[in-house]
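Participant:
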Amino acid sequence: MKSNKLAIGCVVVLLLAFCGLVAIGGVFFKAYYLDRVQSGRSATAALPTALPQKASPSPTTAAAATPTPLATSTATSAPTPTFTPTSRPTTAPSPTAVSNLPPAKVIFSDNFDDAKNGNWRKYQSSHGKTFYANGGYRIEVTSPQYIIWSEYDVGASDAVVSVDAQIVRSTGEGEIGLLCRDDEKGNFYGFEVTEAGDYSIWKMVNNDIQDIVPWTEMPEPYSSLDPDKVYRLTAFCSGHTLGLAINDKWLDVLEDDTFSAGDYVGVLAGTGDEAGFVVQFDNLVVTTPPPQGALPPLTAYVSPKGTASPTPQSSQKPGGKVLFVDDFSDNSSGWDVYRGDDAITDYFPDGTYHIKVMEEQTDVWANPSRKFPADVVVEVKALKVGGPDDNDFGLICRYQNKDNFYYFVISSDGYYGIGKEFKGKQILLSSKSLEYSDSIPEGAVTVRLRAACVHDTLSLWVNGKLLAKVHDTSITKGGDVGLIAGTFDTPGTEISFDDFAVYAPKP
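The opening residue of the sequence shown carries number 0 in numbering that gives the first Met the number 0; numbering runs sequentially from there.
1) Quick check: the segment 240-255 against the segment 107-120, are at least 3 beta-carbon pairs closer than 8 angstroms?
2) From K184 to N205, what distance separates their C-alpha atoms?
3) Please report the Cβ distance between Q279 and R447, rounded to the nearest whole angstrom; I am assuming they are in contact, meaning their Cβ atoms lie under 8 angstroms.
4) Look at the alpha carbon of T492 and the alpha carbon of Y406, and state the distance between them as a whole number of angstroms.
5) Return the first residue and the last residue of the beta strand (DSSP E) that R168 is part of.
6) Tell whether a beta-carbon distance below 8 angstroms holds between Y502 and V376.
7) As a quick exercise: from K431, E378, N400, G418, pick the residue whose alpha carbon is nearest that of W460.
8) Please report the distance separating the alpha-carbon of G196 from that of Q144.
9) Residue ranges of each beta strand (DSSP E) run of no fewer than 3 residues wholly in the segment 112-156, ordered along the chain?
10) Distance, Cα to Cα, D326 vs D163?
11) Near F27, what residues of its chain come up, given a Cβ to Cβ distance below 6 angstroms and the 5 sequence neighbours on each side ignored?
12) Considering only DSSP beta bridges, list what G385 is partnered with.
13) According to DSSP, is V229 part of a helix, a strand, or is it coil?
14) Please confirm whether T351 and V363 have their CB atoms less than 8 angstroms apart.
15) According to DSSP, what are the bridge partners of T287?
16) Can you look up N186 in the DSSP assignment and give me helix, strand or coil?
17) Starting from the Cα of T475, find the closest Cα among G485, G413, C396, S430 and give me that residue.
18) Do you know whose CA, among G339, S328, T361, V356, lies nearest Y346's CA?
19) Less than 8 angstroms between the CB atoms is what I'm expecting for V160 and V264, so what's the real figure, rounded?
20) Classify S495 as buried or exposed, calling it buried when 16 or more other Cβ atoms lie within 10 Å of its own Cβ.
21) Determine the DSSP secondary structure at N282, reduced to helix, strand or coil.
22) Could you pull the DSSP bridge partners for V192 from this structure?
23) Quick check on this structure: which residue in S259, R231, G481, N282 has the alpha carbon closest to the alpha carbon of V105?
24) Can you tell which of D341, F323, D488, H239 has its C-alpha closest to the C-alpha of V480?
25) Does the segment 265-274 come into contact with the segment 147-160, if we say contact requires no fewer than three beta-carbon pairs (one atom in each stretch) closer than 8 angstroms?
26) The beta strand (DSSP E) that contains Y398, what's its start and end?
27) Is N133 buried or exposed, if buried means 16 or more other CB atoms sit within 10 Å of its CB?
28) With a threshold of 16 other CB atoms inside 10 Å of the CB of G171, please say whether the residue is buried or exposed.
29) Which full runs of the beta strand (DSSP E) of 3+ residues lie inside the segment 205-279, going along the chain?
30) Would you kindly work out how many angstroms separate the C-alpha atoms of L427 and F499, rounded to a whole number?
31) Do the CB positions of L457 and V444 come within less than 8 angstroms of each other?
32) Nearest to D227 by alpha carbon, out of S169, W119, D471, K464?
33) Between G413 and D181, what straight-line distance do the alpha-carbon atoms span, to the nearest angstrom?
34) Hey, could you find the ends of the beta strand (DSSP E) H353 is sitting in?
35) Please go through the same chain and pick out, in chain order, the residues whose beta-carbon is closer than 7 angstroms to the beta-carbon of D471, but skip the five residues on each side of it.
36) From what residue to what residue does the beta strand (DSSP E) around S429 run?
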């Protein structure tokens with residue numbers, strides 16, 4: 000795409016000449032990952048008299064919400080002890096979800112968009128870490144048989160807690176969950192599901208985990224959890240009644256009267272024998288429970304970002320057999336690494352891959368240095384983290400060399416296009432110039448991009464919405480795939496990429 004300016008490995012920086020195209024860009028990356036604070040909480044040590052904390056703003060609440068307390072979260076880790084056997088509690092007297100309940104009041108909500116001043120602790124130790132990434136909040140557990148949790152004071156012991164959860168790095172036995180009624184003294188209720196399709200409800204009593212519901216198989220279709228899907232988890236804490244739900248299914252409802260106080264709620268993740276599990280949380284909402292004897296209806300929550308749970312369209316598997324996936328947590332996975340005065344392509348400590356372009360009228364792309372069939376479907380999450388909205392960024396397929404490949408781009412101000420670099424000449428295929436679509440979120444918003452190269456058909460989607468489809472037979476051979484980002488009149492475009500995947504087309 001333009002005359003060759005710089006070539007380092009497979010990273011190529013090119014002069015941009017989108018004649019008649021609308022300009023497209025990114026903002027300087029905030030290195031919040033350098034500001035993680037160790038937690039003083041531990042399930043094997045006494046609570047220190049002064050925890051390191053920082054002030055946090057009041058979270059966003061709905062119009063009918065009660066006042067939200069000013070507080071900070073804490074991130075806590077603990078080895079997973081052997082569960083202390085206890086007798087099965089009495090099942091709660093058949094509460095049911097009914098449609099004529101009074102509307103629940105939102106006590107607290109958080110979509111985890113504010114990585115710099117967010118409500119949740121950024122924590123790191125030899126056992127794992129908690130951090131913001133890609134518009135969500137992640138927990139990574141790097142020790143086997145270990146649990147890490149993070150919590151926030153919502154000012155209510157009776158609450159319904161719901162959150163979207165998606166597996167970022169699977170171990171086959173990772174644990175995902177919620178907690179309620181944490182009193183900061185090592186006492187709370189925990190609610191968990193596993194990748195392998197089990198669930199449990201337990202209580203932490205003076206830093207000792209005791210099972211209330213031992214590990215129990217979940218019903219179909221939850222016999223295992225799919226990393227390609229988002230699951231809505233709900234924990235119910237009202238009076239003596241506890242409940243755990245996944246999506247639209249209550250897994251268990253029972254009675255336990257051990258704890259009646261504790262205003263912290265939280266999210267948690269754990270490992271079995273294999274370490275390295277990572278889960279991302281999003282769209283957390285805490286509401287008042289319905290009147291005694293009723294369960295809240297299980298409905299999808301739509302966040303201000305426009306993503307519905309439990310299964311947003313953008314998270315559904317777009318193709319057939321998985322050919323390659325990369326969440327960029329391993330900086331040796333093959334992508335080009337280059338840092339110069341004109342451009343950066345590199346892995347970042349928060350588990351993303353960035354392309355930053357410091358010169359105007361320039362495009363930069365990178366490849367994983369692999370060979371794929373000609374027919375592929377490619378997906379990635381992308382977020383503008385620096386520069387103007389006047390930019391371009393997207394995907395590449397059938398990459399032969401720097402002079403021959405197809406590209407699929409959008410801009411942060413709402414434009415899109417499909418084109419090719421063919422024999423060193425750039426040609427836009429979808430139109431004479433980039434076209435505007437109100438389906439493209441503008442500004443610094445995470446989007447899910449998908450490109451399909453199938454026979455002579457080239458297609459581009461954003462967040463599950465088809466933007467363009469063209470036909471071309473110039474490049475028919477298989478090749479590499481890649482990522483691309485560029486500038487027009489204003490330098491500084493920086494795009495963060497995550498959760499890259501390549502699929503064979505569906506049969």
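Glycine included, every Cβ here is placed at the ideal spot set by N, Cα and C.
Facilitator: Considering the structure as presented:
1) No: the two stretches stay apart, fewer than three of their Cβ pairs being nearer than 8 angstroms.
2) 7 angstroms
3) 14 angstroms between Cβ atoms; not a contact.
4) 18 angstroms
5) 158-168
6) yes
7) E378
8) Approximately 18 angstroms, taken between the alpha carbons.
9) 122-124, 127-132, 135-140, 145-152
10) 19 angstroms
11) Because the pLDDT of F27 is 20, which lies under 50, any placement of that residue in the model is unreliable, and the number read from its coordinates should be weighed accordingly. For F27, where only same-chain residues beyond five positions count, the Cβ hits under 6 angstroms are G385.
12) E493
13) Correct three-state label for V229: coil.
14) no
15) Per DSSP, none; premise fails for T287.
16) In the structure shown, the three-state DSSP call for N186 is coil.
17) C396
18) S328
19) 5 angstroms
20) buried
21) strand
22) Answer by DSSP bridge pairing, in chain order: I175, Y198.
23) N282
24) F323
25) Yes: the two stretches touch, three or more of their Cβ pairs being nearer than 8 angstroms.
26) 390-400
27) buried
28) By the 10 Å Cβ count, G171 comes out exposed.
29) 207-216, 230-237, 240-245, 248-254, 263-269
30) 24 angstroms
31) Cβ distance not < 8 angstroms, so L457 and V444 don't count as in contact.
32) S169
33) Rounded to the nearest angstrom, the gap between the Cα atoms of G413 and D181 is 44 angstroms.
34) 351-356
35) Taking C-beta separations shorter than 7 angstroms and ignoring five residues to either side along the sequence, the partners of D471 in its chain run K419, L428, D455, L457, following chain order.
36) First-last for S429: undefined, no H or E at that position.
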